[in-house]
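Asker: My numbering runs 1 ahead of the 1-based position in the sequence shown. First, the structure itself, so that you have it in front of you.
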Amino acid sequence: MKRVFSGIRPTGKLHLGNYQGAVLNYVKMQEEYNCVYCVVDIHALTTLSETPVLQKNINDMFLDILAAGVDPEKAVLFVQSHVPQINELAMLLGMVTPLSWLLRVPTFKEKARQHPENINYGLVGYPVLMAADILLYRADLVPVGSDQLPHLELTREIVRSFNSRFGHTFEEPQAKLTEFPLVVGLDGKDKMSKSLNNHIEVSATPEETAKRIMTAVTDPARQRKTDPGHPDVCNVFKLHQQFNAAECPIIEEECKKAGIGCVDCKKRLAACINSTLEPLRERRAILAEKPDYIEEVKQDGAKRAGVIAKETLAVVRDRMNLK
Ligand code: SF4
């Protein structure tokens, strides 16, 4: 069975965007592949603002991922820093990675623009750490959207560079092209994102969810309930299309003839999202009462990941003549 590796950053509680875009895919892939899912805490340190809440964020991520249906019996689920071999491999891969490759990466340029006060070595080396994640666990496939293909290509370049100097050691990982459904943010300007505060957390209460949805931007031309609306430009309608497809034709019709107000329309959306998430929220509440079980999952995941990591690193050290 082919091995899949995917890392998810512990940014706190999952929101609808990363739930739909990544975690549902995790649940599906664990049935078809040998999956290694890693909560990448070291990556989170590249922007130090996340450090004080790191452990809470990791815990929330574990609760959400497990409640969403990732099964630690089927997939290896662990915290990146719990397998220390990652640091050594990243350092060793750095020796075959020209700095010019890293400086041209668009996400580095973007992050350097966002945080000019903290352009650190870790940020530049981020793609090497990513390559180390994939190669340490000898993944055959990495699920990526088409926009992330250049990142994987850099890993493949690092593989070629390493193999050409030290002999064939790594296989080039392949992209598992995946469509990540884009969930629009409540502000209607961008995709759902925690940093833009336009998101809905999957573990929010039904009341919190309804309250958040009430703040969503709608058709800007619709000032009064008696004005006919334009669902095609309405953000709330886009969310209906993703989470309440069955009711879309009737909502579209009613909106266009001013037969439904935006408040009622949002209430319908909230009801649908809440009923979709209800089973996940129930499972999460049960898991939250079992901190020992979560700890066990983390330790067991690190142990299983560690076995693969040690094997890989032993070969790498041997090839590089490190005794
Ligand atoms: Fe949007 Fe619904 Fe209001 Fe129409 S009724 S503008 S679809 S929120």
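For each residue, glycine too, the CB sits at the ideal point set by N, CA and C.
When you compare the CB positions of residue 114 and residue 313, do they come within less than 8 angstroms of one another, or not?
Answerer: For the purposes of this step, residue 114 is taken as residue 113 along the sequence shown, with counting starting at 1. For the purposes of this step, residue 313 is taken as residue 312 along the sequence shown, with counting starting at 1. No, the Cβ-Cβ distance between residue 114 and residue 313 is not below 8 angstroms.
Asker: Quick test of the definition: if touching needs 3 or more C-beta pairs under 8 angstroms, does the stretch 261 to 281 touch the stretch 201 to 208?
Answerer: Judged by Cβ distances under 8 angstroms, the stretch 261 to 281 makes contact with the stretch 201 to 208, as three or more pairs qualify.
Asker: Does the Cβ of residue 238 lie closer than 7 angstroms to at least one heavy atom of ligand 1?
Answerer: Indexing the sequence shown from 1 puts residue 238 at position 237. Within the cutoff, so yes.
Asker: Measuring straight from C-alpha to C-alpha, what distance separates residue 122 and residue 232?
Answerer: Within the sequence shown, the letter at position 121 stands for residue 122. Within the sequence shown, the letter at position 231 stands for residue 232. Distance between the alpha carbons of residue 122 and residue 232 is about 47 angstroms.
Asker: By the 10 Å Cβ neighbour count, where 16 or more other Cβ atoms means buried, how is residue 224 classified, buried or exposed?
Answerer: Your numbering for residue 224 matches position 223 in the sequence shown. Under this definition residue 224 is an exposed residue.
Asker: Is DSSP giving residue 276 helix, strand or coil here?
Answerer: Against the sequence shown, residue 276 aligns to sequence position 275. Here residue 276 sits in helix by DSSP.
Asker: Please say whether residue 35 and residue 2 have beta carbons closer to each other than 8 angstroms?
Answerer: The residue given as residue 2 occupies position 1 in the sequence shown. The residue given as residue 35 occupies position 34 in the sequence shown. A contact, by the Cβ cut-off of 8 angstroms.
Asker: Quick one: Cα of residue 102 to Cα of residue 150, how far?
Answerer: Along the sequence shown, read from residue 1 onward, the residue named residue 102 stands at position 101. Along the sequence shown, read from residue 1 onward, the residue named residue 150 stands at position 149. Going by the C-alpha atoms only, they are around 15 angstroms apart.
Asker: Helix, strand or coil: how does DSSP classify residue 123 here?
Answerer: Walking along the sequence shown from the start, residue 123 turns up at place 122. Three-state DSSP puts residue 123 in a helix.
Asker: Comparing the CB of residue 305 with every heavy atom of ligand 1, is any distance shorter than 7 angstroms?
Answerer: Within the sequence shown, numbered from 1, the residue matching residue 305 stands at position 304. Not so, every heavy atom of ligand 1 lies at least 7 angstroms from the Cβ.
Asker: Count the C-beta pairs between the stretch 292 to 310 and the stretch 77 to 85 that are closer than 8 angstroms, then say yes if the count reaches three, no if not.
Answerer: Output reads yes: the stretch 77 to 85 touches the stretch 292 to 310.
Asker: Fully enclosed by the stretch 155 to 213, which alpha helix (DSSP H) runs are 4 residues long or longer?
Answerer: Here no run is fully enclosed.
Asker: Roughly how many whole angstroms lie between the Cα atoms of residue 68 and residue 143?
Answerer: As a working note, residue 68 is residue 67 in the sequence shown. As a working note, residue 143 is residue 142 in the sequence shown. Between residue 68 and residue 143, the C-alpha separation is close to 23 angstroms.
Asker: Which whole runs of the alpha helix (DSSP H) in the stretch 21 to 81 are 4 residues long or more, in chain order?
Answerer: With a minimum length of 4 residues, the continuous alpha helix (DSSP H) runs that stay inside the stretch 21 to 81 are 25 to 30, 42 to 45 and 55 to 69.
Asker: Quick check: residue 55 and residue 289, are their CB atoms within less than 8 angstroms of each other?
Answerer: The residue labelled residue 55 in the question sits at position 54 within the sequence shown. The residue labelled residue 289 in the question sits at position 288 within the sequence shown. Not closer than 8 angstroms, so no.
Asker: In its own chain, which residues sit with a C-beta less than 6 angstroms from the C-beta of residue 177, not counting the 5 before and 5 after it?
Answerer: The residue labelled residue 177 in the question sits at position 176 within the sequence shown. Hits under 6 angstroms: 142 and 144.
Asker: Cβ of residue 219 versus every heavy atom of ligand 1: is any distance shorter than 7 angstroms?
Answerer: Numbered from 1 along the sequence shown, position 218 holds the residue referred to as residue 219. Checking every heavy atom of ligand 1 against the Cβ of residue 219, one is found closer than 7 angstroms.
Asker: With which residues is residue 6 paired in a DSSP beta bridge?
Answerer: For the purposes of this step, residue 6 is taken as residue 5 along the sequence shown, with counting starting at 1. For residue 6, which the question treats as bridged, DSSP gives the partners 37.
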